[in-house]
Each structure stands twice: as structure tokens, then as C-alpha cells.
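Visitor: This structure is in C-alpha cells; I'll ask about it shortly.
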Amino acid sequence: MPWLQLKIITSRRYVSSLEDSLLACGAASVTLQDNADQPILEPGLGETPLWDSVKMTGLFDAEIDTAKTISLAERRFGNPLPEHYWEQLEDKDWEREWMANYHAIRCGERLWICPSWQQPPEPDKVNLMLDPGLAFGTGTHPTTFLCMQWIDQQDFTGLEVVDYGCGSGILGIATLLLGAQKVIGVDIDPQALLATTENAKRNNLPADVMPVYLPPDCPREPVDEAR
Numbered sequence: 003m004p005w006l007q008l009k010i011i012t013s014r015r016y017v018s019s020l021e022d023s024l025l026a027c028g029a030a031s032v033t034l035q036d037n038a039d040q041p042i043l044e045p046g047l048g049e050t051p052l053w054d055s056v057k058m059t060g061l062f063d064a065e066i067d068t069a070k071t072i073s074l075a076e077r078r079f080g081n082p083l084p085e086h087y088w089e090q091l092e093d094k095d096w097e098r099e100w101m102a103n104y105h106a107i108r109c110g111e112r113l114w115i116c117p118s119w120q121q122p123p124e125p126d127k128v129n130l131m132l133d134p135g136l137a138f139g140t141g142t143h144p145t146t147f148l149c150m151q152w153i154d155q156q157d158f159t160g161l162e163v164v165d166y167g168c169g170s171g172i173l174g175i176a177t178l179l180l181g182a183q184k185v186i187g188v189d190i191d192p193q194a195l196l197a198t199t200e201n202a203k204r205n206n207l208p209a210d211v212m213p214v215y216l217p218p219d220c221p222r223e224p225v226d227e228a229r
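In the working numbering, the protein residues as written are 3 to 229.
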């Protein structure tokens, strides 16, 4: 299905009213982007700060009357729209599009993270098969990548480990593939526990080597430190 995108350059003070105006005009979605390369570091708990300059994108059906949509949006907004322009969004198979641009990630001398639809670049290495999903942890985020690099350098042979805040299970699964005897996965998000279990199965690990728990249910068992 083809789409049109209405791009608006505005300041953060107008974001809320412009967003309401676009949705009232039939926008299927409204997204916000930084328009001036202004980083926002460590926002406070519960805060969702915006940039000083914002690029707003409203997504519309390609069959709309663009002039009428602008006129209606301006009436809802109460003023002429700030700097704006239309762009056509090419119709693609978006599922395959993002898959084509998601590649295996090398995390050290031994470890690779590989999506299921690609052949591991080095089949003789330790290949952790993982597809992006709802739970955090795919290897693309710097914190996960750095942890995977550290894990690659450790000896987990025969150890029992806790993956606290397991997310996708990527870190715990990596230790198992590198020789850990057991990993206890813990997370506050039930979706993360499901993701960890599914990813362990995807890597042909027995269910009993990576049990998962919500924090109140986690057994108090001694575990080892990485050597």
C-alpha cells in the first residue's frame, strides 16, 4: 500500500498541538525525530524530553487530497503550519527490507550473534542464533555488545550463572554456549521470560539448563563467579 508522508519542522512547544492536528486529519501515525543533532542524555525517571527542533512525520494514505489535508490541519492547529513538505513513501515488503539490513555481529574471538535467516559467517565459531523481538538484547545496542565481548573472553566451563534482567536471554545463552552448566534467568517482564525461553530453544539448549523466573519467584541458590 502506498503512503504519503507530511514532514513538519517545528519547535517542541508546538509538538503536542501539531500531533493532535495530524491525527485528527487522518494520519495513520505520527513520529518525532531530532532535527538538529541534539543529544538527550540520561533523562529523569518518567521524563520524555523532546529536542528543541523537531521533525514531525505524519503518515497518510496516498489517495488523500493533500491541499485539503493541509487546510484542515491548519484549522485544527489554529495557525499556518510551520515549514512543511510532502514525500512519497515507496511501497515495499518492509519485513524483508529490514531483514536484508540486519546482519550477523561478531563479538570477539569466539562469539557471533546470527539471525536465523542467515548462514553463520564462521560456522566453526560459537554462533548464538537470535532474531530481534520484543525483549531487549540483540547485540546491536552498545551495552549488550560490550557485555558479549567480555563474555567472549571468560571461562564459563561448568559454572552456574545468574542472568539478572535477562531480556532476550542473549547473555545467559552465550555463557551456556561457552560451557556454563546452568543459567538462572530473571526479569520483571513476563515477555522477556518468554523470549529467553524461546531463544534458548532456538539454540538447541535443554529447558532445564536455563529456567526463568520473575524476581519474587527466583530461587535462592548459590552461583559461581566467572574465572
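Cβ coordinates follow ideal geometry from the N, Cα and C atoms, glycine included.
What number of angstroms, rounded off, separates the C-alpha of Trp152 from the C-alpha of Tyr16?
Guide: Along the sequence shown, read from residue 1 onward, the residue named residue 152 stands at position 150. Along the sequence shown, read from residue 1 onward, the residue named residue 16 stands at position 14. A straight line joining the alpha-carbon of Trp152 with that of Tyr16 spans about 45 Å.
Visitor: Any chance the stretch 40-50 sits against the stretch 71-81, with 3 or more Cβ pairs inside 8 Å?
Guide: no
Visitor: In the DSSP assignment, find the unbroken alpha helix (DSSP H) run with Asp154 in it and report its ends.
Guide: Start at 1 with the first residue of the sequence shown, and residue 154 comes out as number 152. Start and end: Pro144 to Asp154.
Visitor: Please report the residue range of the alpha helix (DSSP H) in which Glu200 lies.
Guide: Stepping through the sequence shown from its first residue, residue 200 is reached at position 198. Where Glu200 is concerned, the enclosing alpha helix (DSSP H) stretches over Pro192 to Arg204.
Visitor: Restricting to Cα atoms, I'd like to know which of Gln121, Lys184 and Ile172 is closest to Asn201.
Guide: Residue 201 sits at position 199 when you count from the first residue of the sequence shown. Considering only alpha carbons, the answer is Ile172.
Visitor: If I follow the unbroken beta strand (DSSP E) through Glu162, where does it start and stop?
Guide: By one-based count along the sequence shown, residue 162 stands at place 160. Start and end: Glu162 to Tyr166.
Visitor: CA-CA distance, Pro134 and Gly80?
Guide: The residue given as residue 134 occupies position 132 in the sequence shown. The residue given as residue 80 occupies position 78 in the sequence shown. Roughly 42 Å separates the two Cα atoms.
Visitor: Just the C-alpha distance for Arg77 and Gln7, rounded to the nearest angstrom, thanks.
Guide: For the purposes of this step, residue 77 is taken as residue 75 along the sequence shown, with counting starting at 1. For the purposes of this step, residue 7 is taken as residue 5 along the sequence shown, with counting starting at 1. Roughly 19 Å separates the two Cα atoms.
Visitor: Would the stretch 59-66 and the stretch 100-120 be scored as touching if the rule is three or more Cβ pairs under 8 Å?
Guide: No, the stretch 59-66 does not touch the stretch 100-120.
Visitor: Among the candidates Thr199, Gly187 and Thr33, whose CA atom is the shortest distance from the CA of Arg222?
Guide: Counting from 1 along the sequence shown, the entry for residue 222 is found at position 220. Nearest option by C-alpha distance: Gly187.
Visitor: Which of the three DSSP states, helix, strand or coil, is assigned to Thr71?
Guide: Position 69 of the sequence shown holds residue 71. Helix.
Visitor: Short of 8 Å in beta carbon distance, which residues of its chain neighbour Leu117, apart from the five on each side in sequence? Order them along the chain.
Guide: The residue you call residue 117 lines up with position 115 of the sequence shown. Here residue 117 is Pro; the residue named in the question, Leu, does not match the sequence. So the list reads Met101, Tyr104, His105, Ala106, Met131, Leu132, Asp133 and Pro134, once near-sequence residues are dropped.
Visitor: So for Ile186, helix, strand or coil by DSSP?
Guide: Counting from 1 along the sequence shown, the entry for residue 186 is found at position 184. Note: Ile186 maps to strand in three-state DSSP.
Visitor: What is the DSSP secondary structure of Leu61, counted as helix, strand or coil?
Guide: Position 59 of the sequence shown, counted from the first residue, corresponds to residue 61. Three-state DSSP puts Leu61 in a strand.
Visitor: Within 10 Å of its beta-carbon, does Thr140 have 16 or more other beta-carbons around it, so buried, or fewer, so exposed?
Guide: Within the sequence shown, the letter at position 138 stands for residue 140. Under this definition Thr140 is a buried residue.
Visitor: Is Asp154 near Cys109, with beta carbons less than 9 Å apart?
Guide: As a position in the sequence shown, residue 154 is number 152, starting the count at 1. As a position in the sequence shown, residue 109 is number 107, starting the count at 1. Yes. Within cutoff.
Visitor: Using the three-state DSSP reduction, which class does Val128 fall into: helix, strand or coil?
Guide: For the purposes of this step, residue 128 is identified with residue 126 of the sequence shown, where counting begins at 1. Of the three classes helix, strand and coil, the one that applies to Val128 here is strand, per DSSP.
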